[in-house]
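Visitor: Supplied in structure tokens, the structure appears directly below.
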Amino acid sequence: MIYLDNAATTHKKPRCVADTLYRLTKHMSANAGRGSNSFSVRAGEIIYDAQEALASLFHVKNPERIIFTQNTTQALNFAIHGFLRKEDSVVITSMEHNSVLRPVFYSGCRCNVVFADKDGFVSTDKMEKAIDDGTKLVIINHVSNVTGSRQDIEKICEIAKKKGAAVLVDAAQSGGVFDIDAEKTGIDMLAFAGHKALMGPLGTGGLYVREGIELYPILQGGGGTDSENPYQSEAMPDRLTSGTQNMPAIGALASGVRFVSKIGIDSIRNHEKKLAGYFYDEMTKRKNITVYGKRPECGVVSINVKNYNCIEAARILNDEYKIAVRAGLHCAPLAHKTIQSGAGTVRLSFGYFNTAGDAERAADAIKKLAKNE
Amino acid sequence: MDYIIIYKSVSTINRIKKMLKKTCRLKTVQLPSNLGIKGCHYGLFVSGNDFHKVIDASKENGIEIKYIFTKTPSGYERYGGSL
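Residue numbers (our numbering), protein chains in the order written: chain L, 66 to 438; chain R, 256 to 338.
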């Protein structure tokens, strides 16, 4: 089986990630911050190590500003519902995932959607016009899970700062793929996936919140400290961290981050870009295939084959060619409206563990499908 | 003389421990409830030899110290010295 759904979650994981997960589960299943027994203390240290690894990756000085969540969706919910009030105004883009669209919808805030162009790129001029003095928050999808298009977050942060708006970056697809300097860029909050390009286990993600931003804690409960206080602790990360943490997975995520750092973000991205680029070029040569977006900067390519519903095409690729891809709207309905894909696309997302042979086999399989149209 | 230094969170304690891993022997301890401290359950146990290293590292990195206690044969006392 060839796995080309790395934008959903990466497969395979590095050996060090699996080893850490096993070792910590078997030998160290302790609850961090619950007492001063040696196991609990060590569990807290392992979580701190992971905070430090992520802080280093995103160029954040204080690791305590990193919290761990189950995924990017949870991190985005913490940020959106913790930051916005009903009377606030927010600017988002049409490339956002439902993990942004839905929380913003539920927040009841006034929302201005800036549409990207047909290739999935958001104009900074349009953003500048959309952000006004009343905008409390700008939410920007850094790299699209549909087209792989990357937005100019540096420029958007600069515009937002001038207007006094905070910026939340959805780095689900870009964390570990592009170098993100959160502090230098002026990012106020950054939500990331642990289980995608950072190679961590499923069920890992997190949120960076810059110093000075105090989020309302939407998850409330015990954290092992400040117990007599009826309210959540004001200190980070305790303020946003209630309940037992998945320490073995967080420890394994740190192993994934170290793996990515050792290989190098640029090396990994260049490998994925080469595979996706080859595939993209092969697809654009065929008249019965529609390719969405520009030649990819990372591993994501979306296509459609004439006369095949995308879901049917994905089923055939899985059943007859043993190629695992993702079809449909990819939880990003406005992005598909933007690129005018109709009922969705077949998305192939290449990862570090894919080979040139995988890209060739995928291209050949789709060419055969296109011939049969 | 030994000390217990109290920070705002366990994560902060781990930050200091990591910073001084090679030079100090530091230990996380649960605070005795009779200290009368509200809002903190954990502290950093520091020997007299390492005390100023911990204080200096905290200051250099802008890490707030909430309380300091000295350990005496009869229990704990609020640290009265100058930092």
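Think of the CB as a built atom: it goes at the ideal place given N, C-alpha and C, for glycine as much as any other residue.
Considering only C-alpha positions, which residue in the set L/199, L/323 and L/314 is nearest to residue 266 of chain L?
Guide: One-based indexing of the first sequence puts residue 266 of chain L at position 201. Checked all of L/199, L/323 and L/314; the closest Cα to residue 266 of chain L is L/314.
Visitor: I'd like to check one pair, residue 212 of chain L with residue 184 of chain L: are the Cβ atoms closer than 8 Å?
Guide: Within the first sequence, numbered from 1, the residue matching residue 184 of chain L stands at position 119. Within the first sequence, numbered from 1, the residue matching residue 212 of chain L stands at position 147. Yes, the Cβ-Cβ distance between residue 184 of chain L and residue 212 of chain L is below 8 Å.
Visitor: Residue 294 of chain R versus chain L: which residues are under 7 Å apart at the beta carbon?
Guide: Taking the first residue of the second sequence as position 1, residue 294 of chain R is located at position 39. The contacting residues are 291 and 294.
Visitor: Checking contacts by CB at 8 Å: is residue 193 of chain L closer than that to chain R?
Guide: Your numbering for residue 193 of chain L matches position 128 in the first sequence. Answer no: the Cβ-Cβ gap between residue 193 of chain L and chain R never drops below 8 Å.
Visitor: DSSP puts residue 322 of chain R in a beta bridge; with which residues?
Guide: As a first step, residue 322 of chain R must be located in the second sequence, where it is residue number 67. DSSP, once it has assigned bridges, lists R/261 as partnering residue 322 of chain R.
Visitor: Which of helix, strand or coil does DSSP assign to residue 257 of chain L?
Guide: Counting from 1 along the first sequence, the entry for residue 257 of chain L is found at position 192. Residue state, collapsed to three classes: strand.
Visitor: For the segment 256 to 265 of chain R and the segment 295 to 302 of chain L, state whether three or more C-beta atom pairs, one from each stretch, are separated by less than 8 Å.
Guide: Yes, the segment 256 to 265 of chain R touches the segment 295 to 302 of chain L.
Visitor: Taking DSSP as the reference, what is the three-state secondary structure of residue 270 of chain L?
Guide: Looking up residue 270 of chain L in the first sequence gives position 205. Looking at residue 270 of chain L - three-state DSSP - the assignment turns out to be strand.
Visitor: Please state the DSSP three-state secondary structure of residue 78 of chain L.
Guide: Position 13 of the first sequence, counting from 1, holds the residue named residue 78 of chain L. Residue 78 of chain L falls in the coil class under three-state DSSP.
Visitor: So for residue 136 of chain L, helix, strand or coil by DSSP?
Guide: Against the first sequence, residue 136 of chain L aligns to sequence position 71. Three-state result, residue 136 of chain L: coil.
Visitor: Taking 8 Å as the cut-off, decide whether the C-beta atoms of residue 162 of chain L and residue 102 of chain L are in contact.
Guide: Working through the first sequence from its first residue, we reach residue 162 of chain L at position 97. Working through the first sequence from its first residue, we reach residue 102 of chain L at position 37. Against a cut-off of 8 Å, the Cβ pair of residue 102 of chain L and residue 162 of chain L comes out as no contact.
Visitor: Between residue 319 of chain L and residue 415 of chain L, which are expected to be in contact by the criterion C-beta below 8 Å, what is the C-beta distance as a whole number of angstroms?
Guide: In the first sequence, residue 319 of chain L corresponds to position 254, counting from 1. In the first sequence, residue 415 of chain L corresponds to position 350, counting from 1. About 25 Å; that fails the 8 Å criterion.
Visitor: Verify the CB distance criterion: does residue 232 of chain R have a CB-CB separation below 8 Å to chain L?
Guide: The structure shown has nothing for residue 232 of chain R, since chain R only spans 256 to 338.
Visitor: Roughly how many angstroms separate the alpha carbons of residue 189 of chain L and residue 221 of chain L, rounded to a whole number?
Guide: In the first sequence, residue 189 of chain L corresponds to position 124, counting from 1. In the first sequence, residue 221 of chain L corresponds to position 156, counting from 1. Roughly 6 Å separates the two Cα atoms.
Visitor: Step through the CB atoms of chain L and report whether any lies within less than 8 Å of the CB of residue 314 of chain R.
Guide: By one-based count along the second sequence, residue 314 of chain R stands at place 59. It does not; no Cβ of chain L falls within 8 Å.
Visitor: Could I get the ranges of all uninterrupted alpha helix (DSSP H) runs contained in the segment 379 to 409 of chain L, with 4 residues as the minimum, in chain order?
Guide: Within the segment 379 to 409 of chain L, the complete alpha helix (DSSP H) runs of at least 4 residues are 398 to 404.
Visitor: Using a threshold of 8 Å, state whether the C-beta atoms of residue 109 of chain L and residue 288 of chain L are closer than that.
Guide: One-based indexing of the first sequence puts residue 109 of chain L at position 44. One-based indexing of the first sequence puts residue 288 of chain L at position 223. Not closer than 8 Å, so no.
Visitor: Ignore the nearest five residues each way along the sequence and tell me which others in residue 196 of chain L's own chain have a CB closer than 7 Å to its CB.
Guide: The residue labelled residue 196 of chain L in the question sits at position 131 within the first sequence. Result list for residue 196 of chain L: 156, 203, 224, 225, 228 and 230, in chain order.
Visitor: Helix or strand or just coil, what does DSSP make of residue 70 of chain L?
Guide: Counting from 1 along the first sequence, the entry for residue 70 of chain L is found at position 5. It is a strand residue.
Visitor: So with Cβ pairs under 8 Å, would you call residue 231 of chain L a contact of chain R?
Guide: For the purposes of this step, residue 231 of chain L is taken as residue 166 along the first sequence, with counting starting at 1. With 8 Å as the cut-off, residue 231 of chain L does not count as an interface residue toward chain R.
Visitor: Report yes or no: is there a C-beta of chain R within less than 8 Å of the C-beta of residue 313 of chain L?
Guide: Here residue 313 of chain L is taken as the residue at index 248 of the first sequence, counted from 1. Not an interface residue.
Visitor: Taking DSSP's pairing of strands, which residues face residue 331 of chain R in a bridge?
Guide: To locate residue 331 of chain R, count along the second sequence from 1; it is residue 76. According to DSSP, residue 331 of chain R bridges with R/326.
Visitor: Could you tell me how far apart the beta carbons of residue 147 of chain L and residue 357 of chain L are, in whole angstroms, since I believe they sit closer than 8 Å?
Guide: One-based indexing of the first sequence puts residue 147 of chain L at position 82. One-based indexing of the first sequence puts residue 357 of chain L at position 292. Incorrect: roughly 34 Å between the Cβ atoms, too far for contact.
Visitor: Could you list the residues in the segment 262 to 275 of chain R with a C-beta less than 9 Å from some C-beta on chain L, going in chain order?
Guide: Cβ contacts with chain L come from 262, 263, 264, 265, 266, 267, 268, 269, 270, 272 and 273.
Visitor: Under a three-way DSSP split, which group does residue 297 of chain L fall into?
Guide: The residue you call residue 297 of chain L lines up with position 232 of the first sequence. Coil.
Visitor: Can you tell me whether residue 279 of chain L is buried or exposed? The criterion is at least 16 other CB atoms within 10 Å of its CB, across all chains shown.
Guide: Taking the first sequence and counting its residues from 1, one reaches residue 279 of chain L at position 214. Exposed, because fewer than 16 other Cβ atoms sit within 10 Å of the Cβ of residue 279 of chain L.
Visitor: Compare the C-beta of residue 310 of chain L against all C-beta atoms of chain R and say whether one is closer than 8 Å.
Guide: Residue 310 of chain L sits at position 245 when you count from the first residue of the first sequence. Taking Cβ atoms only, chain R never reaches closer than 8 Å to residue 310 of chain L, which makes this a no.
Visitor: Determine the direct distance from the alpha carbon of residue 258 of chain R to that of residue 321 of chain R, and round the result to whole angstroms.
Guide: Against the second sequence, residue 321 of chain R aligns to sequence position 66. Against the second sequence, residue 258 of chain R aligns to sequence position 3. Each residue's alpha carbon lies about 13 Å from the other.
Visitor: Here's the rule: buried if 16 or more other CB atoms are within 10 angstroms of the residue's CB, otherwise exposed. What is residue 452 of chain L?
Guide: This structure does not reach residue 452 of chain L, given that chain L is present from 66 up to 438, and the question cannot be answered.
Visitor: Please list the segments of the alpha helix (DSSP H) lying wholly inside the segment 137 to 163 of chain L, counting only runs of 4 or more residues, in order along the chain.
Guide: Counting whole runs of 4 or more residues, the segment 137 to 163 of chain L contains the alpha helix (DSSP H) stretches 137 to 148.
Visitor: For the segment 342 to 372 of chain L, which residues have a CB atom closer than 7 Å to at least one CB atom of chain R, in sequence order?
Guide: Those would be none; no residue qualifies.
Visitor: Should residue 349 of chain L go down as buried or exposed, given a rule of 16 or more other Cβ atoms within 10 Å for buried?
Guide: Reading the first sequence from its first residue, position 284 is the one you call residue 349 of chain L. Residue 349 of chain L should be labelled exposed.
Visitor: Can you tell which of L/70, L/402, L/122 and L/420 has its C-alpha closest to the C-alpha of residue 335 of chain L?
Guide: If you number the first sequence from 1, residue 335 of chain L lands on position 270. When only C-alpha atoms are compared, the closest one is L/420.
Visitor: Thinking C-beta only, is residue 66 of chain L closer than 8 Å to residue 389 of chain L?
Guide: Locating residue 389 of chain L in the first sequence gives position 324, where the first residue counts as 1. Locating residue 66 of chain L in the first sequence gives position 1, where the first residue counts as 1. Yes, the Cβ-Cβ distance between residue 389 of chain L and residue 66 of chain L is below 8 Å.
Visitor: If contact is defined by three or more beta carbon pairs under 8 Å, each pair taking one atom from either stretch, is the segment 68 to 83 of chain L in contact with the segment 400 to 416 of chain L?
Guide: The segment 400 to 416 of chain L is in contact with the segment 68 to 83 of chain L.
Visitor: Which residues of chain C have a Cβ atom closer than 9 Å to the Cβ of residue 283 of chain R, listed in chain order?
Guide: Included in the structure are the protein chains L and R, with no chain C among them.
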